[in-house]
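A quick write-up on the structure given underneath.
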Amino acid sequence: QGIQYLIEHEVLSSDLQEIAKFLHKGEGLNKTAIGDYLGGRDATNIQILQAFVECHQFANLNLVQALRQFLWSFRLPGEAQKIDRMMEAFANWYCKCNPGVFQSTDTCYILSFSIIMLNTSLHNPNVKDKPPFERFVSINRGIDNGGDLPEELLKNLFESIKNEPFSIPEDDGNDLTHTFFNPNREGWLLKLGGRVKTWKRRWFILTDNCLYYFEYTTDKEPLGIIPLENLSVRKVDDPKKPNCFELFNPNCKGQKIKACKTDGDGKVVEGKHQSYKISAATPAERDEWIEAIRTSITQDPFYDLVSARKKKIASKN
1 QGIQYLIEHE
11 VLSSDLQEIA
21 KFLHKGEGLN
31 KTAIGDYLGG
41 RDATNIQILQ
51 AFVECHQFAN
61 LNLVQALRQF
71 LWSFRLPGEA
81 QKIDRMMEAF
91 ANWYCKCNPG
101 VFQSTDTCYI
111 LSFSIIMLNT
121 SLHNPNVKDK
131 PPFERFVSIN
141 RGIDNGGDLP
151 EELLKNLFES
161 IKNEPFSIPE
171 DDGNDLTHTF
181 FNPNREGWLL
191 KLGGRVKTWK
201 RRWFILTDNC
211 LYYFEYTTDK
221 EPLGIIPLEN
231 LSVRKVDDPK
241 KPNCFELFNP
251 NCKGQKIKAC
261 KTDGDGKVVE
271 GKHQSYKISA
281 ATPAERDEWI
291 EAIRTSITQD
301 PFYDLVSARK
311 KKIASKN
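Residues in the sequence shown are numbered from 1 upward in steps of one, following full-length UniProt numbering.
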């Protein structure tokens, strides 16, 4: 929509090469939005992605150096199909710029993913088991048209990532988008809310045992955050909306769910919901969301202890 607006107001040419150069230059642009746009499946998006990739100069760079340059120019989206299209385009262009390094673009594609995963394994504090070089070699055996890549090449790539992790672009210091890379689930849903109860379309992201909702897919800050700790989810019927499910606290009926949202002035305030009613587009989508939320929900053991003690006291009285 933003690109179309700039074209209509003659700020930007409709030429696909010019759009790609504009995105690659990226001055003042949201890199999350760039990644989301480039990953689109429309023929136009794919052509612009190709032109965008070709704005990068990869000649005589090793694969880690090329990936550093590429992954700094946008934020990799969370959807697998978008990532696939973008990394496919990267691998094709890298091999054109560096003929003879790999026997096929598939080798480059696979090794690129190995490097990105290695970066996560080595530098994510939540990953306790740091992979040694031997495991990196083992994972990449036989990927060069059935043959092995030179160990010296793999060693150089491994050491480069070990010594310096990838820099991931932040759109500003308070950017929450790093939280939403590879979410458990994301998509459009309708949420019932407001002083006058109305259904509003929101973009939901399920990750890190929280449900976030946004007005637009490209927003950096969520409108609301619902921590799923101690909540349950169930199918419910609603006379006005099909395919509904509800988030509720099974142990404290009538109490507000601990959640937060932004008000009209942009201030963060406490949510007022005793439950959240949400509607999906189809029964299948509703069931998939319920299953994903159930998988994500965890119990706070301290809460359980307090709850059990309260029940014990109540039974004595």
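For every residue, glycine included, the Cβ atom is placed at its ideal position computed from N, Cα and C. This one's a predicted model, so the numbers in the text were calculated from it and none came from an experiment.
- The beta carbon of Asn184 lies closer than 8 Å to those of Leu206, Thr207, Ala292, Thr295, Ser296 in the same chain, with the five residues before and after it left out.
- Straight-line measurement puts the Cα of Ser275 at about 10 Å from the Cα of Ser232.
- According to DSSP, Thr262 shares a beta bridge with Val268.
- Closest in alpha carbon position to Lys25, among Gly39, Leu157, Val53, Tyr5, is Val53.
- Within the same chain, Ala51 come within 6 Å of Gln17 by CB-CB distance, once the 5 residues on both sides are set aside.
- In the DSSP annotation of this structure, Arg286 is not part of any beta strand (DSSP E); the continuous alpha helix (DSSP H) holding it starts and ends at 283-296.
- For Leu111, the closest C-alpha among the options Gln4, Leu154, Lys82 is that of Leu154.
- Taking 8 Å as the cut-off, the Cβ atoms of Trp72 and Pro132 do not count as close.
- Here DSSP, grouped into helix, strand and coil, assigns Asp42 to coil.
- By the Cβ neighbour-count rule, Gly35 is buried, with 16 or more other Cβ atoms within 10 Å of its own.
- Here the C-alpha atom of Asp237 lies approximately 13 Å from the C-alpha atom of Thr282.
- A distance below 7 Å between beta-carbons, with the five flanking residues on each side excluded, links Thr105 to the following residues of its chain, in chain order: Ala91, Asn92, Cys95.
- In the three-state scheme derived from DSSP, where H, G and I count as helix and E and B as strand, Tyr213 is classed as strand.
- Beyond the five residues adjoining it in sequence on each side, Lys162 comes within less than 7 Å, by CB distance, of Leu122 in the same chain, given in chain order.
- In terms of Cα proximity to Asn145, the closest of Asn124, Gly100, Asp129 is Gly100.
- Its chain contains Asn230, Leu231, Gln255, Ile257 as the residues whose beta carbon lies nearer than 7 Å to that of Asn249, once the 5 sequence neighbours on both sides are disregarded; these appear in chain order.
- Within 10 angstroms of the beta-carbon of Thr198 lie fewer than 16 other beta-carbons, which makes it exposed.
- Counting of Cβ neighbours within 10 angstroms places Gly39 among the buried residues, the total reaching 16 or more.
- As DSSP reads the structure, Ile3 sits in no beta bridge.
- DSSP, read as helix, strand or coil, puts Cys95 in helix.
- Per DSSP, the unbroken beta strand (DSSP E) holding Glu246 starts and ends at 244-248.
- When C-alpha distances from Lys21 are compared across Leu157, Leu49, Arg68, the shortest belongs to Leu49.
- Under the DSSP assignment, Val64 falls in the alpha helix (DSSP H) whose first and last residues are 63-72.
- For the options Ser138, Thr217, Gln81, Arg202, the alpha carbon positioned closest to that of Gly2 is the one of Thr217.
- Taking a 10 Å sphere around the C-beta of Thr107, we find 16 or more other C-beta atoms and assign the residue as buried.
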